[in-house]
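Top to bottom, those sequences are chains A, B and C. In terms of the numbering used here, the first sequence opens at residue 323 and continues consecutively. In terms of the numbering used here, the second sequence opens at residue 323 and continues consecutively. In terms of the numbering used here, the third sequence opens at residue 323 and continues consecutively. In what follows, a single structure is set out as structure tokens and then discussed.
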Amino acid sequence: MEHSLFVLVDMLGTFAFAVSGAVAAEQRRLDLFGTLAIAYVTACGGGIIRDVCLGALPPAGMADGRYIACAALAAAVAIWARAAIDHLRHPVVFFDSLGLGFFAVVGAHKALLLYQNIEVAIVLGAVTAVGGGTLRDVLVNRIPVILQKEIYAVAALAGASTQVIGQRMGWSLAVTPWFASSVCFVIRFLALRYAWSLPVVKKKNTT
Amino acid sequence: MEHSLFVLVDMLGTFAFAVSGAVAAEQRRLDLFGTLAIAYVTACGGGIIRDVCLGALPPAGMADGRYIACAALAAAVAIWARAAIDHLRHPVVFFDSLGLGFFAVVGAHKALLLYQNIEVAIVLGAVTAVGGGTLRDVLVNRIPVILQKEIYAVAALAGASTQVIGQRMGWSLAVTPWFASSVCFVIRFLALRYAWSLPVVKKKNTT
Amino acid sequence: MEHSLFVLVDMLGTFAFAVSGAVAAEQRRLDLFGTLAIAYVTACGGGIIRDVCLGALPPAGMADGRYIACAALAAAVAIWARAAIDHLRHPVVFFDSLGLGFFAVVGAHKALLLYQNIEVAIVLGAVTAVGGGTLRDVLVNRIPVILQKEIYAVAALAGASTQVIGQRMGWSLAVTPWFASSVCFVIRFLALRYAWSLPVVKKKNTT
Numbered sequence: 323m324e325h326s327l328f329v330l331v332d333m334l335g336t337f338a339f340a341v342s343g344a345v346a347a348e349q350r351r352l353d354l355f356g357t358l359a360i361a362y363v364t365a366c367g368g369g370i371i372r373d374v375c376l377g378a379l380p381p382a383g384m385a386d387g388r389y390i391a392c393a394a395l396a397a398a399v400a401i402w403a404r405a406a407i408d409h410l411r412h413p414v415v416f417f418d419s420l421g422l423g424f425f426a427v428v429g430a431h432k433a434l435l436l437y438q439n440i441e442v443a444i445v446l447g448a449v450t451a452v453g454g455g456t457l458r459d460v461l462v463n464r465i466p467v468i469l470q471k472e473i474y475a476v477a478a479l480a481g482a483s484t485q486v487i488g489q490r491m492g493w494s495l496a497v498t499p500w501f502a503s504s505v506c507f508v509i510r511f512l513a514l515r516y517a518w519s520l521p522v523v524k525k526k527n528t529t
Numbered sequence: 323m324e325h326s327l328f329v330l331v332d333m334l335g336t337f338a339f340a341v342s343g344a345v346a347a348e349q350r351r352l353d354l355f356g357t358l359a360i361a362y363v364t365a366c367g368g369g370i371i372r373d374v375c376l377g378a379l380p381p382a383g384m385a386d387g388r389y390i391a392c393a394a395l396a397a398a399v400a401i402w403a404r405a406a407i408d409h410l411r412h413p414v415v416f417f418d419s420l421g422l423g424f425f426a427v428v429g430a431h432k433a434l435l436l437y438q439n440i441e442v443a444i445v446l447g448a449v450t451a452v453g454g455g456t457l458r459d460v461l462v463n464r465i466p467v468i469l470q471k472e473i474y475a476v477a478a479l480a481g482a483s484t485q486v487i488g489q490r491m492g493w494s495l496a497v498t499p500w501f502a503s504s505v506c507f508v509i510r511f512l513a514l515r516y517a518w519s520l521p522v523v524k525k526k527n528t529t
Numbered sequence: 323m324e325h326s327l328f329v330l331v332d333m334l335g336t337f338a339f340a341v342s343g344a345v346a347a348e349q350r351r352l353d354l355f356g357t358l359a360i361a362y363v364t365a366c367g368g369g370i371i372r373d374v375c376l377g378a379l380p381p382a383g384m385a386d387g388r389y390i391a392c393a394a395l396a397a398a399v400a401i402w403a404r405a406a407i408d409h410l411r412h413p414v415v416f417f418d419s420l421g422l423g424f425f426a427v428v429g430a431h432k433a434l435l436l437y438q439n440i441e442v443a444i445v446l447g448a449v450t451a452v453g454g455g456t457l458r459d460v461l462v463n464r465i466p467v468i469l470q471k472e473i474y475a476v477a478a479l480a481g482a483s484t485q486v487i488g489q490r491m492g493w494s495l496a497v498t499p500w501f502a503s504s505v506c507f508v509i510r511f512l513a514l515r516y517a518w519s520l521p522v523v524k525k526k527n528t529t
């Protein structure tokens with residue numbers, strides 16, 4: 323997987339997440355700028371947190387105009403094609419799951435390149451994938467979806483771990499990222515399709 | 323604009339934002355320390371995020387005691403002169419708008435000095451200006467004001483962009499910051515006075 | 323106090339905070355992973371913010387697998403021994419107060435080692451101690467407890483300040499951390515026992 327291919331994959335993930343951010347912002351009746359801002363944060367927030375934790379400054383999501391343009395374009399598409407998106411529920415989930423896998427792989431790869439530390443690579447792979455969505459939910463004042471019903475972060479951890487294992491075991495560079503993304507994607511997509519969820523810890527009737 | 327002048331401008335912005343933080347904290351019935359903490363976060367949070375993203379560590383908002391003292395002083399004033407502040411609604415908005423402009427310019431200037439990257443300077447100028455207020459709103463558990471009705475972040479982006487354009491075009495260093503702050507201030511203040519707002523994206527009756 | 327002793331102390335704090343995070347997550351009915359994630363963020367979030375602000379990258383809470391394992395173990399204990407924990411209300415508060423003191427001291431010590439700046443050491447000592455709990459509360463969508471009724475951050479500031487004073491005055495390295503932690507612990511524990519609180523700023527009937 324070439325560097326330019328990583329960028330392409332990153333852009334696809336950025337686009338998918340920006341759409342999901344714009345949709346969440348519209349549901350909260352934010353204005354046009356608020357919608358753009360949430361789309362940008364959802365798409366680039368995870369990567370910015372990753373780069374800050376890695377010391378790879380300034381963060382690519384700020385320094386590289388392509389990410390900003392990609393997020394803005396996605397938000398515009400989400401706003402103007404709202405009706406279409408409402409019909410496309412499954413495709414949105416499809417792209418979101420795809421983005422999750424790609425971001426987990428890209429994040430783990432970048433972290434491993436910089437520090438050669440397995441824990442950092444797995445944690446930051448997952449953070450890259452779920453960070454943007456978490457910021458989005460915090461900003462629109464709801465409990466992050468990833469903490470609730472869906473097998474979301476688990477899929478991201480699985481994807482990042484597979485990428486790390488692959489790089490450490492010397493798997494082919496042309497195959498590992500695709501395989502690792504697929505692991506994340508399949509877990510996430512099947513979980514959504516069949517409403518899998520992790521057990522909720524039983525609680526007492528406390529406030 | 324000398325370095326010492328930048329510091330003065332930064333202090334004025336810090337003071338104005340700390341007052342707005344303290345008022346928000348009081349409305350949520352936080353205790354004395356909570357009020358001080360929110361005032362500090364509102365005043366220094368944007369600059370701290372900027373410095374973390376720039377790698378300018380430790381962040382000035384932590385390392386320079388003057389910022390901490392300034393925020394504490396402003397919170398004390400806000401608490402003891404609450405009645406006066408309630409009468410001074412327009413002056414508060416005035417100082418808040420002024421602070422927004424100064425922070426956008428200071429942030430863009432610092433980012434451009436360190437990295438010579440236009441996107442980074444514009445994004446971090448705006449982040450410096452709106453970051454503290456966003457953290458304030460997240461901590462008191464409401465949707466950030468900047469994402470809702472007011473032309474707030476747009477004004478910050480305009481101020482930061484003007485500063486960046488001015489520095490790149492070689493405008494006089496003695497004029498650019500004042501002009502750029504004014505652009506931000508005028509947009510923000512007029513928007514508030516005449517209740518301008520960006521269009522809200524039309525939404526369907528979804529949850 | 324040896325380096326290895328600092329690590330031990332850090333682990334104890336990590337464990338105590340992870341338990342409190344897991345309990346908060348269960349009350350919000352998060353799933354198993356959400357509970358683990360909140361436990362990890364509560365335990366390691368403060369230290370990660372500190373390390374990012376210090377430029378000590380990658381953050382120890384990500385790079386050192388022992389922290390991750392410790393948080394996961396604590397969450398598991400919290401889940402499986404829920405009934406026991408409900409009976410142990412005071413011990414939980416005891417460990418939480420202990421963790422607060424140790425984290426404040428560890429944070430101030432690390433900051434002072436790296437930058438020799440008193441303000442940074444006090445602020446980051448307190449941030450290390452209260453940062454995780456604040457992130458926990460933001461993620462489960464409530465106003466951070468530290469901003470409300472309890473003398474929590476004040477105790478952390480007192481502990482961090484004592485540690486800084488001790489290191490600057492040349493107090494014995496074997497005594498200072500224990501004394502500084504005790505200052506924080508005693509303030510926090512007595513405040514809880516006797517329901518001390520700071521005065522709430524009087525407010526008018528505004529929204």
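Built from N, CA and C at the ideal position, the CB exists for glycine as well.
Check	Outcome
Which of helix, strand or coil DSSP assigns to residue 386 of chain C	coil
Close-in-space but distant-in-sequence residues of the same chain around residue 420 of chain C (CB under 8 angstroms, 5 per side omitted)	334, 335, 338, 503 and 507
Near-chain B residues of the stretch 353–382 of chain C (beta-carbon distance less than 7 angstroms), N- to C-terminal order	374, 375, 376 and 377
Close beta carbons around residue 378 of chain C, own chain, < 6 angstroms, minus the five adjacent residues each side	none
Chain A residues whose Cβ lies nearer than 8 angstroms to that of residue 390 of chain C	441 and 445
Proximity test, Cβ basis, 8 angstroms: residue 505 of chain A and chain C	no
Integer-rounded CB distance, given that residue 449 of chain B should sit under 8 angstroms from residue 388 of chain B	Rounded, the Cβ-Cβ distance is 22 angstroms, inconsistent with contact.
Enclosing alpha helix (DSSP H) for residue 373 of chain A [first to last residue]	354–376
Chain-ordered chain E contacts of residue 475 of chain B [CB-CB under 7 angstroms]	Absent from the structure: chain E. Protein chains present are A, B and C.
Under 8 angstroms by beta carbon: chain C residues contacting residue 385 of chain B	437, 439, 441 and 442
Residues in the stretch 451–464 of chain C having any Cβ partner in chain B nearer than 8 angstroms	456, 460, 463 and 464
Three-state class that DSSP yields for residue 494 of chain B in the structure shown	coil
Beta-carbon proximity of residue 331 of chain B to residue 428 of chain B, cut-off 8 angstroms	yes
Rounded straight-line distance, which links the Cα of residue 469 of chain B to that of residue 356 of chain A	4 angstroms
7 angstroms Cβ cut-off: residues of chain B touching residue 350 of chain A	465
6 angstroms CB neighbourhood of residue 509 of chain B in its chain, flanking five on each side removed	477 and 480
Straight-line gap, residue 353 of chain C to residue 397 of chain C (C-alpha atoms, nearest Å)	12 angstroms
Per-residue burial, residue 361 of chain C [other beta carbons within 10 Å of its own, 16 or more giving buried]	buried
Residue-chain proximity (residue 469 of chain B, chain A), Cβ-Cβ < 8 angstroms	yes
Between the CA atoms of residue 329 of chain C and residue 505 of chain C - distance to the nearest angstrom	20 angstroms
As assigned by DSSP and simplified to three states, the class of residue 508 of chain A	helix
Residue 528 of chain B classed as buried or exposed, judged by whether at least 16 other C-beta atoms fall within 10 angstroms	In this predicted model, residue 528 of chain B has a pLDDT of only 42, less than 50, meaning its place in the structure is not dependable; the value taken from the coordinates is given anyway. Flag for residue 528 of chain B reads exposed.
Between the CA atoms of residue 415 of chain B and residue 489 of chain B - distance to the nearest angstrom	28 angstroms
Helix, strand or coil at residue 458 of chain C [DSSP, three-state]	helix
Candidates B:453, B:368, B:402 and B:438: closest to residue 386 of chain A by CA position	B:438
Whether residue 440 of chain C touches residue 497 of chain C by CB criterion (8 angstroms)	no
Nearest-angstrom Cα separation, counted from residue 494 of chain A out to residue 446 of chain C	44 angstroms
Assigned secondary structure, residue 329 of chain C (DSSP; H/G/I helix, E/B strand, else coil)	helix
Beta-carbon gap between residue 391 of chain A and residue 341 of chain A smaller than 8 angstroms	no
Buried/exposed call for residue 384 of chain C, threshold 16 Cβ in 10 Å	buried
Beta-carbon proximity list for residue 454 of chain A, same chain, < 7 angstroms, skipping 5 on both sides	339, 363, 364, 365, 366, 367 and 368
Closest Cα partner of residue 433 of chain C within the set C:483, C:512 and C:343	C:483
Residue of B:464, B:394, B:422 and B:459 minimising C-alpha distance to residue 473 of chain B	B:422
Option nearest residue 442 of chain B by Cα separation, candidates B:430, B:452 and B:402	B:430
Alpha carbon of residue 475 of chain A to alpha carbon of residue 452 of chain A, nearest angstrom	7 angstroms
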